[in-house]
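Below is one structure; the comments refer to it alone.
Protein chains: 2
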Amino acid sequence: MPAPHAASPARGRILAAAEELFYDQGITAVGVDLIAEHSGITKRTLYNQFGSKAQLVAAYLAERDRRWRTLVQETVDRSDDPVAAVTAPFDALRTWTATSPRGCAFINALAELPDPAHPAHRVAEDQKRWLLDLFRGLAAAAGCAGPDALATRLLVLHEGALATRPLPFDTLAETADLARELVSAAEPSAV
Amino acid sequence: MPAPHAASPARGRILAAAEELFYDQGITAVGVDLIAEHSGITKRTLYNQFGSKAQLVAAYLAERDRRWRTLVQETVDRSDDPVAAVTAPFDALRTWTATSPRGCAFINALAELPDPAHPAHRVAEDQKRWLLDLFRGLAAAAGCAGPDALATRLLVLHEGALATRPLPFDTLAETADLARELVSAAEPSAV
DNA sequence: CCCTGGGTATACTGATCGGTGAACCCACCA
DNA sequence: TGGTGGGTTCACCGATCAGTATACCCAGGG
Chain G
1 MPAPHAASPA RGRILAAAEE LFYDQGITAV GVDLIAEHSG ITKRTLYNQF
51 GSKAQLVAAY LAERDRRWRT LVQETVDRSD DPVAAVTAPF DALRTWTATS
101 PRGCAFINAL AELPDPAHPA HRVAEDQKRW LLDLFRGLAA AAGCAGPDAL
151 ATRLLVLHEG ALATRPLPFD TLAETADLAR ELVSAAEPSA V
Chain Z
1001 MPAPHAASPA RGRILAAAEE LFYDQGITAV GVDLIAEHSG ITKRTLYNQF
1051 GSKAQLVAAY LAERDRRWRT LVQETVDRSD DPVAAVTAPF DALRTWTATS
1101 PRGCAFINAL AELPDPAHPA HRVAEDQKRW LLDLFRGLAA AAGCAGPDAL
1151 ATRLLVLHEG ALATRPLPFD TLAETADLAR ELVSAAEPSA V
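If you read the protein sequences in the order shown, they are chains G and Z.
Just so we're aligned, residue 1 is where the first sequence starts under this note's numbering, counting upward by one.
Just so we're aligned, residue 1001 is where the second sequence starts under this note's numbering, counting upward by one.
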């Protein structure tokens, strides 16, 4: 018997609709009826596939996380040298935010779902931890001094740029500049 | 005839309950019935005072903004010298986040209320713009080079530290250190 | 003394919330 | 040929949502 979590055409349609609606309108504000209607499937099928709204929310975030990690990893891999690779996530951020005007889906989810037992919390924390570890690994690979502290600083910059995205200020370019300066100052060939 | 917006004992109780519940549990997740019950007043009185939930939300954010600005301004005023004053908001942030584990109430509100016409948007934007202007003014007063860019960078750092507050990483100390380094490097007596 | 106004108490509206029950339809496969 | 299982249709559940109606209570002030 195939697990209900196996890929099915209906499952993909539901996730696509959930991602669009949840991100644009907020998780609490969007009901399962709306998602069912928007994806052209039945509420019954939705519950057969995901079991509850909470698990659907977690699946939406996990899918978004997967897409985002792919973009970041590709951008890192395309970097010219190990030093440029450290700030590659900021290049990916420019691409990502072009279609994400409402800030970070994971921070937003934590804002709406205060219960730490909600499955969305694990997904959100995993995402931020992955980025922090990525920064640390890239900084170490580039020979940067104090990779731990540098990684924390880069994470804060990254989240700050994302958090200010819904505001009418332009912060991304300035943030990326600062990130590159930090890495330059920490890498071994620094003057 | 006194305007319904005048101070009244009931109004204060409602705002106190709203602030606690909205911040802790989220705006959409908290109903007006819960606020009425929690503040010991009647839903009828709540609507007589605020007119609608949207306006109550705006009033909650405005009140929180007022309290936060007072703290920040006091911290700035207590600074030893103009250079230290530039990063004083990061000292205030340490005090503020001690009782605010769920991140920035304004960013959270924008996450939950995507409609730009919602009165909460204006309050949230005003808050961030006030901080940006404060940073710029303090940087200029301290004689820092490039006060505009510096202010943007400090704002991003500030929001990044706030946004990562719900996460199990400790970012505030490292962020404040970085902020001080940025100001030190930009102020005229820099080496 | 009485009246006005802020507040209370209670009941109610129609809509929507997350979630379920039961019967059915149909393509694929043994 | 006859299941089997993913999907549909539609009705339904109790709870809660934002917001309103009506009637009452009571302190302050002319």
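The C-beta atom is built at its ideal place from N, Cα and C for all residues, glycine as well.
On a predicted model such as this, the values are computed, not experimentally measured, just so you know.
Reduced DSSP secondary structure (H/G/I, E/B, other) of residue i
i: ALA139 of chain G; result: helix
i: LEU1113 of chain Z; result: coil
i: GLY1160 of chain Z; result: helix
i: ASP1126 of chain Z; result: helix
i: HIS1005 of chain Z; result: Confidence at HIS1005 of chain Z is low in this model, with a pLDDT of 48, below 50, so the placement of that residue should be treated as unreliable; the coordinate-derived value is given next. If DSSP states are grouped into helix, strand and coil, HIS1005 of chain Z belongs with coil.
i: ARG64 of chain G; result: helix
i: ASP80 of chain G; result: coil
i: LEU167 of chain G; result: coil
i: HIS121 of chain G; result: helix
i: THR1028 of chain Z; result: coil
i: ALA1058 of chain Z; result: helix
i: ALA1085 of chain Z; result: helix
i: ARG153 of chain G; result: helix
i: ARG102 of chain G; result: coil
Cβ neighbours of residue i in the same chain (closer than 6 Å, five flanking residues each side left out)
i: ARG165 of chain G; result: THR97, GLY103
i: THR1045 of chain Z; result: ALA1010
i: ALA62 of chain G; result: VAL123
i: VAL1072 of chain Z; result: PRO1089, ALA1092
Same chain, Cβ closer than 8 Å to residue i, neighbours up to 5 away in sequence not counted
i: LEU1110 of chain Z; result: ALA1120, HIS1121, ALA1124
i: SER1079 of chain Z; result: ALA1085, ALA1088
i: THR1075 of chain Z; result: ALA1088, PRO1089, ASP1091, ALA1092, THR1095
i: ILE1041 of chain Z; result: ALA1010, ARG1013, ILE1014
i: SER1100 of chain Z; result: TYR1023, ARG1165
i: SER1008 of chain Z; result: GLN1049
Endpoints, the alpha helix (DSSP H) within which residue i is located
i: ALA1035 of chain Z; result: It should be pointed out that residue 1035 of chain Z corresponds to Ile in this sequence rather than to Ala. Looking at the DSSP string, the run of the alpha helix (DSSP H) that includes ILE1035 of chain Z is 1032-1039.
i: SER1184 of chain Z; result: 1172-1186
i: ALA17 of chain G; result: 9-25
i: ALA1145 of chain Z; result: Looking at the DSSP string, ALA1145 of chain Z is not in any alpha helix (DSSP H), and its letter there is neither H nor E.
i: PRO1089 of chain Z; result: 1088-1098
i: ARG44 of chain G; result: 43-50
Contacts around residue i, its chain only, beta-carbon distance under 7 Å, and the 5 residues preceding and following it disregarded
i: ALA1151 of chain Z; result: LEU1132, PHE1135, ARG1136, ALA1139
i: GLU1187 of chain Z; result: VAL1083, ALA1142, GLY1143, CYS1144
i: ARG1180 of chain Z; result: THR1087
i: ARG1064 of chain Z; result: GLU1019, ALA1105
i: ALA58 of chain G; result: PRO119, ALA120, VAL123
i: ARG153 of chain G; result: LEU182
i: LEU34 of chain G; result: LEU21
i: PHE50 of chain G; result: LEU56, ALA59
i: GLY146 of chain G; result: ALA186
i: GLN1127 of chain Z; result: ASP1065, PHE1106
i: VAL1032 of chain Z; result: LYS1043, LEU1046, LYS1053
i: SER1184 of chain Z; result: ALA1190
CB-CB length for residue i against residue j, believed under 8 Å
i: LEU1093 of chain Z; j: ALA1161 of chain Z; result: 6 Å
i: PHE22 of chain G; j: TYR60 of chain G; result: 5 Å
i: HIS1052 of chain Z; j: ARG1013 of chain Z; result: First, the residue type needs correcting, since residue 1052 of chain Z is Ser and not His in the sequence shown. SER1052 of chain Z to ARG1013 of chain Z, Cβ: 18 Å. No contact.
i: LEU157 of chain G; j: THR175 of chain G; result: 5 Å
i: ARG69 of chain G; j: TRP130 of chain G; result: 7 Å
i: ALA1029 of chain Z; j: THR28 of chain G; result: 6 Å
i: GLY1026 of chain Z; j: GLU159 of chain G; result: That belief does not hold up - the Cβ atoms of GLY1026 of chain Z and GLU159 of chain G are roughly 20 Å apart, past 8 Å.
i: ALA1163 of chain Z; j: ALA163 of chain G; result: 4 Å
Contact test: residue i Cβ vs the ligand FMN heavy atom, cutoff 7 Å
i: LEU1150 of chain Z; result: Ligands displayed in this structure: none; no statement on the ligand FMN is therefore possible.
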